[in-house]
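Visitor: Numbering (our numbering), first residue to last: 876 to 1038. Beta carbons are placed, not taken as given, at the ideal position from N, Cα and C, and that holds for glycine. Note that the coordinates shown come from a computational prediction; the quantities given were computed from them, not determined experimentally. Pasting a structure below so you can have a look.
Right, here's the structure in full:
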């Protein structure tokens, strides 16, 4: 019994280290090779005692329907939207896999940034006439947010310019 304890412990440690490393590498891979899309959003800066400050993102497009996969189309202005929802994984085209198995929802919810900049980001987006969107990268249905923009300028650049 003691002979099996050490290999089992080593196996558990290796697995616990592998999972977060794999997820991180996968996100960077998607950011590098995934197809870039833009989604219109409106950001809000909530405060969470455990997560700190971040920009919560709500999609302007209401997406409702049953299914796990959303087919993406790009409109004439270059913004992406979900055209249809299905339970079956699409054979071709760009699609997004939902986090929910029953009702489709875009997996765009949080944009993490410097805690000191997040309240300023919210103030910027509350001003009238501001167009906000996120850029994302998508590969095999997995979506990774790559940037938050206000009127075509990265939110971090706007805030740094104002300081």
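Quick one, are the C-beta atoms of residue 943 and residue 967 less than 8 Å apart?
Guide: Here residue 943 is taken as the residue at index 68 of the chain shown, counted from 1. Here residue 967 is taken as the residue at index 92 of the chain shown, counted from 1. Against a cut-off of 8 Å, the Cβ pair of residue 967 and residue 943 comes out as no contact.
Visitor: What is the C-beta distance between residue 955 and residue 1018, in whole angstroms, given that I count them as a contact (C-beta under 8 Å)?
Guide: Working through the chain shown from its first residue, we reach residue 955 at position 80. Working through the chain shown from its first residue, we reach residue 1018 at position 143. The beta-carbon distance between residue 955 and residue 1018, rounded to whole angstroms, is 10 Å. This is too long to meet the 8 Å contact definition.
Visitor: Using the C-alpha atoms, what's the distance from residue 1027 back to residue 970?
Guide: Translated into the one-based positions of the chain shown, residue 970 becomes position 95. Translated into the one-based positions of the chain shown, residue 1027 becomes position 152. Roughly 24 Å separates the two Cα atoms.
Visitor: Please name the residue in 909, 917, 897 and 976 whose C-alpha comes closest to that of residue 983.
Guide: One-based indexing of the chain shown puts residue 983 at position 108. The shortest C-alpha separation from residue 983 is found at 917.
Visitor: Give the straight-line distance between the Cα atoms of residue 995 and residue 914, rounded to the nearest whole angstrom.
Guide: Working through the chain shown from its first residue, we reach residue 995 at position 120. Working through the chain shown from its first residue, we reach residue 914 at position 39. Approximately 21 Å, taken between the alpha carbons.
Visitor: Taking all protein chains shown into account, do 16 or more other C-beta atoms lie within 10 angstroms of the C-beta of residue 1036, making it buried, or fewer, making it exposed?
Guide: In the chain shown, residue 1036 corresponds to position 161, counting from 1. Result: exposed.
Visitor: Would you identify the three-state DSSP class for residue 1008, choosing helix, strand or coil?
Guide: Position 133 of the chain shown, counting from 1, holds the residue named residue 1008. Correct three-state label for residue 1008: strand.
Visitor: With DSSP run on the structure shown, which of helix, strand or coil describes residue 906?
Guide: The sequence position of residue 906 within the chain shown is 31, counting from 1. Three-state DSSP puts residue 906 in a helix.
Visitor: Evaluate residue 905 with the Cβ neighbour count: other Cβ atoms within 10 Å of its Cβ, from every protein chain shown; 16 or more gives buried, anything less gives exposed.
Guide: Along the chain shown, read from residue 1 onward, the residue named residue 905 stands at position 30. It is buried - the Cβ of residue 905 has at least 16 other Cβ atoms within 10 Å.
Visitor: Return the chain-ordered list of same chain residues with a C-beta closer than 6 Å to the C-beta of residue 1022, the five sequence neighbours on each side being excluded.
Guide: Taking the chain shown and counting its residues from 1, one reaches residue 1022 at position 147. The answer, listed in chain order, is 1010 and 1029.
Visitor: When you compare only the Cα positions, how much space is there between residue 880 and residue 888?
Guide: Locating residue 880 in the chain shown gives position 5, where the first residue counts as 1. Locating residue 888 in the chain shown gives position 13, where the first residue counts as 1. Rounded to the nearest angstrom, the two C-alpha atoms are 12 Å apart.
Visitor: Residue 939 lies in the alpha helix (DSSP H); which residues open and close that run?
Guide: As a working mapping, residue 939 is identified with position 64 in the chain shown. That residue, residue 939, is in no alpha helix (DSSP H); it is neither H nor E in DSSP.
Visitor: Quick check on residue 971: does DSSP put it in helix, strand or coil?
Guide: Within the chain shown, residue 971 is the residue found at index 96, counting from 1. Residue 971 falls in the strand class under three-state DSSP.
Visitor: Going by other Cβ atoms of all chains shown within 10 Å of its Cβ, with 16 needed for buried, is residue 909 buried or exposed?
Guide: Taking the chain shown and counting its residues from 1, one reaches residue 909 at position 34. So residue 909 ends up on the buried side.
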